[in-house]
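A.B. asks: Input: one structure, supplied below.
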Amino acid sequence: MQLAVNWQDARKRVLKSYREWLRASPEIQNMYSLNLPVSAIRTKIRQEFERHRYVNQLPVVDVLVTKSNIEYQETLNYWKQLSHVMKYFRVEEDPTAKLPKNFMSGFLEGRN
């Protein structure tokens, strides 16, 4: 695991990882035969990176970049199944997804 020396170095590593993901989006779409446009894949990649936008500790940034690189390698080496890739596009993963009003309605929807 490569450690960032300062915030500039960490920023470069994050942007490099982000750009690698964006460039690989068409290949990921073809490899996994996704019925999603490349723009939707790129949007989801951006959302995943934006989730950690306000991390303010260098060691945490290092771990997140390393995890991103591992996910990238596993995805492009085709070590994942379609269900592993599609889990990022589930409605439940959307932070704005509506929560059930009570237990019974959630149970009947199959969410609990």
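In this text, residue positions in the sequence shown follow the UniProt record's numbering: the first is 1, and each later residue adds one. Quick reminder that beta carbons are idealized off the backbone N, C-alpha and C, glycines included.
(1) In angstroms, rounded to a whole number, what distance separates the CA positions of TYR32 and TYR18?
(2) Quick one: Cα of ARG51 to Cα of LYS44, how far?
(3) Check for me: the alpha helix (DSSP H) holding GLY106 runs from which residue to which?
(4) Might you give, ordered along the chain, the residues of its own chain that have their beta carbon closer than 6 Å to the beta carbon of VAL85, omitting 5 neighbours on each side?
(5) Report the residue from PRO26, GLU109, PHE107, TYR72 whose alpha carbon sits nearest the alpha carbon of LYS16.
(6) With 16 other CB atoms within 10 Å as the buried threshold, where does GLY28 fall?
(7) By the DSSP assignment, the alpha helix (DSSP H) with PHE49 in it spans what residues?
(8) Would you call the CB atoms of VAL65 and ARG11 closer than 7 Å?
(9) Going straight from the alpha carbon of VAL55 to that of ASN77, what length do you get?
(10) Are ALA4 and ASP62 closer than 7 Å when you measure CB to CB?
(11) Does the Cβ of ALA24 lie closer than 6 Å to at least one heavy atom of the ligand ADP?
C.D. replies: With the structure as the only source:
(1) To locate residue 32, count along the sequence shown from 1; it is residue 32. To locate residue 18, count along the sequence shown from 1; it is residue 18. Straight-line Cα distance between these residues: approximately 20 Å.
(2) Position 51 of the sequence shown holds residue 51. Position 44 of the sequence shown holds residue 44. Cα-Cα distance, rounded: 11 Å.
(3) For the purposes of this step, residue 106 is taken as the residue at position 106 of the sequence shown. Per DSSP, the continuous alpha helix (DSSP H) segment holding GLY106 begins and ends at 103-109.
(4) The residue given as residue 85 occupies position 85 in the sequence shown. Non-local C-beta neighbours of VAL85 in its own chain, meaning closer than 6 Å and more than five positions away in sequence, comprise TYR32, ordered along the chain.
(5) Here residue 16 is taken as the residue at index 16 of the sequence shown, counted from 1. Residue nearest to LYS16 within the set PRO26, GLU109, PHE107, TYR72 is TYR72 (criterion: CA-CA distance).
(6) To locate residue 28, count along the sequence shown from 1; it is residue 28. Before going further, note that residue 28 is Ile rather than Gly in the sequence given. A residue is called buried when at least 16 other Cβ atoms come within 10 angstroms of its Cβ; ILE28 meets this threshold and is buried.
(7) Translated into positions along the sequence shown, residue 49 becomes position 49. Under the DSSP assignment, PHE49 falls in the alpha helix (DSSP H) whose first and last residues are 38-50.
(8) Here residue 65 refers to the residue found at position 65 of the sequence shown. Here residue 11 refers to the residue found at position 11 of the sequence shown. At the C-beta level, VAL65 and ARG11 stay beyond 7 Å of one another.
(9) Residue mapping note: residue 55 aligns to position 55 of the sequence shown, counting from 1. Residue mapping note: residue 77 aligns to position 77 of the sequence shown, counting from 1. Between VAL55 and ASN77, the C-alpha separation is close to 29 Å.
(10) Indexing the sequence shown from 1 puts residue 4 at position 4. Indexing the sequence shown from 1 puts residue 62 at position 62. Yes, the Cβ-Cβ distance between ALA4 and ASP62 is below 7 Å.
(11) With respect to the ligand ADP, the structure offers nothing, as it holds no ligand at all.
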